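Written out below as structure tokens is the structure these notes cover.
2 protein chains.
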Amino acid sequence: METILIIEDDSSMLRGLTDNFAYAGYNVLTASDGEKGLNAALDAKPDLILLDIMLPKINGYEICRLIRKEKLDMPIIMLTAKGEESDIILGLNLGADDYVTKPFSIKELLARAAAFLRRRKQKEKDSYKFGDFVLDISARKLTKKNEEIELSPKEFKLLEFFLKKQGKALTRDEILNAVWGYNSFTGHRSIDRFVTTLRNKIESGPHSPVFIHTLREIGYKFESI
Amino acid sequence: METILIIEDDSSMLRGLTDNFAYAGYNVLTASDGEKGLNAALDAKPDLILLDIMLPKINGYEICRLIRKEKLDMPIIMLTAKGEESDIILGLNLGADDYVTKPFSIKELLARAAAFLRRRKQKEKDSYKFGDFVLDISARKLTKKNEEIELSPKEFKLLEFFLKKQGKALTRDEILNAVWGYNSFTGHRSIDRFVTTLRNKIESGPHSPVFIHTLREIGYKFESI
DNA sequence: CAAAACCGTAACAAATCGGTAACAAGCTCC
DNA sequence: GGAGCTTGTTACCGATTTGTTACGGTTTTG
């Protein structure tokens, strides 16, 4: 879950923001003055910060500058009553990523926050874990405790399909369609052959858990326990 | 110099933006309808796009969606007369990074653009190290223990792309798009030829580590370990 | 309990894919 | 205009991958 830090001294504004972001599914941290806010930012390293400018103890600009000085690069959205052009420019130059002036639409703010987080998430690689194994799709490799295990293209595709459909019973026809393509003429028994080679690579050891289960007369099912 | 693409059909607005961004030191490209704009974006791969919503031929939302579909991730700032909350949210959800409503302050827009580009620049390296090698982007040269190794322009571009995408599986199409351009008619096998010549230059020795890995049926992957 | 159905797997043949050399066309710099 | 470099294409070859089949073991069924 994404963690978001809201630094705001107006308690009714803070409550409104907290409620909305919590309702939208974020883990919300709050701080009511600049000092607490800065500490929370450095300490918890949230995924995004909503930052008021006018704050007791340390103002928003200063917090922004200090966070960037620590080479933390989470997005910072500044919230303020000031709509002065020069303030906006100052904020952006100090390393803020966006600047929203009060009064603002909470939905718009949620959308802006989501846009920043989506962007970051896009860059994270997608991978599946099972037992000691990790199948990293973007690097296209399977590892067991950081040791790479070679897979042929079909083996990779088959394992990827199994992982995408974990816990589901898969008929041979479904597997053929998904891995070999709907117009292939490959026979059903070829699947079995590839299951054997896959099993040799991921269930070789004597105490190794069983991932690929045979469903007699149906096909197979992958379960990572 | 940073290249910025402005897609806007109102000619006086376009001129105003162009002048200001050119004066601020950007290399400015312009397009006056959606179709030209999309082509310019895919072709020139600018560092940032200013995008009007209401455009002839293809609208701004669609352009935004199509650009993101091509896995291009330059920042997109939407410009529009519409100030409706729902439009803003739609734009941000389609992959825009910011949304500025007309009339806007040109200084604020410049500051917002600068903020995105600054962030980008922070992350981009201008030299990459791998094994005994250093690829210096700004000096445009590859060295192995201070000995320069000659690279042709395409070889350099290919190696640079590999290094930017270290650890990621790259399909031949992605490589063609990034190194040869999306509208090139170069065949897939030409990549292989360049990979061979690159390998001869950076993996020649008998004990030299393998950097460029072949991924059968996919393409290649660069790994510096 | 025997026959049938089904699956695991080894062996083998066929197909596919990538490495690379050779060559032609383009380009650049004299 | 020509030498030399760069780029793109093609063809051949070898290695890997893939699909099929056959044999044997196990489970189900009658």
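Chains as they are written, first to last, in the working numbering: chain A, 1 to 225; chain B, 226 to 450.
The beta-carbon is built from N, C-alpha and C at its ideal position, and this holds for glycine as well.
Quick caveat, the model's predicted, so the values are computed rather than measured.
Checklist entry - Beta-carbon separation of Ile283 of chain B and Gly259 of chain B under 7 Å? => result Locating residue 283 of chain B in the second sequence gives position 58, where the first residue counts as 1. Locating residue 259 of chain B in the second sequence gives position 34, where the first residue counts as 1. Taking 7 Å as the Cβ cut-off, Ile283 of chain B and Gly259 of chain B qualify as a contacting pair.
Next on the checklist: Which of the three DSSP states is assigned to His213 of chain A in this structure?
Outcome noted: Stepping through the first sequence from its first residue, residue 213 of chain A is reached at position 213. It is a strand residue.
Checklist entry - Nearest to Ala269 of chain B by alpha carbon, out of B:Lys296, B:Leu230 and B:Ile443? => result Locating residue 269 of chain B in the second sequence gives position 44, where the first residue counts as 1. Checked all of B:Lys296, B:Leu230 and B:Ile443; the closest Cα to Ala269 of chain B is B:Leu230.
Item to check | C-alpha distance - Arg119 of chain A paired with Thr368 of chain B, whole-angstrom precision | outcome: As a working mapping, residue 119 of chain A is identified with position 119 in the first sequence. As a working mapping, residue 368 of chain B is identified with position 143 in the second sequence. Approximately 35 Å between the Cα atoms of the pair.
Item to check | Residues that DSSP places opposite Tyr128 of chain A in a beta bridge | outcome: Translated into the one-based positions of the first sequence, residue 128 of chain A becomes position 128. BP columns for Tyr128 of chain A point to A:Leu135.
Checklist entry - Based on Cα-Cα distance, which residue from A:Thr214, A:Phe104 and A:Gly37 lies nearest to Ala81 of chain A? => result As a position in the first sequence, residue 81 of chain A is number 81, starting the count at 1. Comparing Cα-Cα distances from Ala81 of chain A to each of A:Thr214, A:Phe104 and A:Gly37, the minimum goes to A:Phe104.
Checklist entry - Within 10 angstroms of its Cβ, does Ala403 of chain B collect 16 or more other Cβ (buried), or is it exposed? => result Position 178 of the second sequence holds residue 403 of chain B. Buried is the call here.
Next on the checklist: So with CB distances below 9 Å, who are the chain B contacts of Pro153 of chain A?
Outcome noted: Position 153 of the first sequence, counting from 1, holds the residue named residue 153 of chain A. Per Cβ cutoff of 9 Å: Leu440, Arg441, Glu442 and Ile443.
Item to check | Backbone secondary structure at Ala169 of chain A - three-state DSSP | outcome: Counting from 1 along the first sequence, the entry for residue 169 of chain A is found at position 169. Correct three-state label for Ala169 of chain A: strand.
Checklist entry - Whose C-beta lies closer than 6 Å to the C-beta of Tyr407 of chain B among residues of the same chain, with five residues either side of it excluded? => result For the purposes of this step, residue 407 of chain B is taken as the residue at position 182 of the second sequence. Cβ within range, chain order: Leu267.
Checklist entry - When you compare only the Cα positions, how much space is there between Leu334 of chain B and Ser377 of chain B? => result On the second sequence, residue 334 of chain B is found 109 positions in, with the first residue counted as 1. On the second sequence, residue 377 of chain B is found 152 positions in, with the first residue counted as 1. In this structure, the CA atom of Leu334 of chain B is about 39 Å from the CA atom of Ser377 of chain B.
Item to check | Contact set between Glu287 of chain B and chain A, taken where Cβ atoms lie within less than 9 Å | outcome: Along the second sequence, one-based indexing puts residue 287 of chain B at 62. Here the premise fails: no neighbours, minimum Cβ distance about 18 Å.
Checklist entry - Are the CB atoms of Trp180 of chain A and Thr171 of chain A nearer to each other than 7 Å? => result Here residue 180 of chain A corresponds to residue number 180 of the first sequence, with the count starting at 1. Here residue 171 of chain A corresponds to residue number 171 of the first sequence, with the count starting at 1. For Trp180 of chain A and Thr171 of chain A, no; Cβs fall outside 7 Å.
Next on the checklist: Between Leu158 of chain A and chain B, is the shortest Cβ-Cβ distance under 7 Å, so that the two count as touching?
Outcome noted: Residue 158 of chain A sits at position 158 when you count from the first residue of the first sequence. Judged by the 7 Å Cβ criterion, Leu158 of chain A is not in contact with chain B.
Checklist entry - Rounded to whole angstroms, how far is the Cβ of Ile301 of chain B from the Cβ of Leu276 of chain B, which I believe are closer than 8 Å? => result Within the second sequence, the letter at position 76 stands for residue 301 of chain B. Within the second sequence, the letter at position 51 stands for residue 276 of chain B. With 8 Å as the limit, Ile301 of chain B and Leu276 of chain B qualify as a contact, their Cβ atoms being about 6 Å apart.
Next on the checklist: Using only the alpha-carbon positions, how far apart do Ile89 of chain A and Gly60 of chain A sit?
Outcome noted: Residue 89 of chain A sits at position 89 when you count from the first residue of the first sequence. Residue 60 of chain A sits at position 60 when you count from the first residue of the first sequence. If I take the Cα positions, the gap works out to 14 Å.
Checklist entry - Is Met78 of chain A helix, strand or coil when you go by DSSP? => result Position 78 of the first sequence holds residue 78 of chain A. Reduced to three states, the DSSP call for Met78 of chain A is strand.
Item to check | alpha helix (DSSP H) runs contained entirely in the stretch 262-295 of chain B, provided each spans 4 or more residues | outcome: Within the stretch 262-295 of chain B, the complete alpha helix (DSSP H) runs of at least 4 residues are 285-294.
Checklist entry - Between the Cα of Leu317 of chain B and the Cα atoms of A:Glu174, A:Ala113, A:Glu84 and A:Leu176, which residue gives the shortest distance? => result Locating residue 317 of chain B in the second sequence gives position 92, where the first residue counts as 1. Of the candidates A:Glu174, A:Ala113, A:Glu84 and A:Leu176, the one whose C-alpha sits nearest the C-alpha of Leu317 of chain B is A:Ala113.
Item to check | 7 Å Cβ cutoff met for Gly392 of chain B and Glu448 of chain B | outcome: Position 167 of the second sequence, counted from the first residue, corresponds to residue 392 of chain B. Position 223 of the second sequence, counted from the first residue, corresponds to residue 448 of chain B. Cβ atoms of Gly392 of chain B and Glu448 of chain B: closer than 7 Å.
Next on the checklist: Spatial neighbours of Thr422 of chain B within its chain, please: C-beta separation below 7 Å, excluding the five flanking residues on both sides.
Outcome noted: As a working mapping, residue 422 of chain B is identified with position 197 in the second sequence. Answer for Thr422 of chain B: Glu380, listed in chain order.
Next on the checklist: Does Phe341 of chain B come out as helix, strand or coil in the three-state DSSP assignment?
Outcome noted: Position 116 of the second sequence, counting from 1, holds the residue named residue 341 of chain B. In the structure shown, Phe341 of chain B sits in a helix (DSSP, three-state: H, G or I).
Checklist entry - Name the chain A residues whose beta carbon is nearer than 8 Å to that of Gly241 of chain B? => result For the purposes of this step, residue 241 of chain B is identified with residue 16 of the second sequence, where counting begins at 1. Chain-ordered listing is empty here: chain A has no CB closer than 8 Å to the CB of Gly241 of chain B, the nearest sitting near 16 Å.
Checklist entry - DSSP on Phe161 of chain A, reduced to helix/strand/coil? => result Position 161 of the first sequence, counted from the start, is the residue given in the question as residue 161 of chain A. Here Phe161 of chain A sits in helix by DSSP.
Item to check | Endpoints, the beta strand (DSSP E) within which Ala31 of chain A is located | outcome: Sequence index remark: in the first sequence, residue 31 of chain A carries index 31 (1-based). Run containing Ala31 of chain A: Asn27 to Ala31, per the beta strand (DSSP E) assignment.
Checklist entry - Under a three-way DSSP split, which group does Thr186 of chain A fall into? => result In the first sequence, the residue the question calls residue 186 of chain A occupies position 186. Looking at Thr186 of chain A - three-state DSSP - the assignment turns out to be coil, as it is neither helix nor strand.
Checklist entry - Should Val420 of chain B and Ile437 of chain B be called a contact, given that it needs their Cβ atoms to be closer than 7 Å? => result For the purposes of this step, residue 420 of chain B is taken as residue 195 along the second sequence, with counting starting at 1. For the purposes of this step, residue 437 of chain B is taken as residue 212 along the second sequence, with counting starting at 1. It is a contact, given that the beta carbons lie within the stated cut-off.
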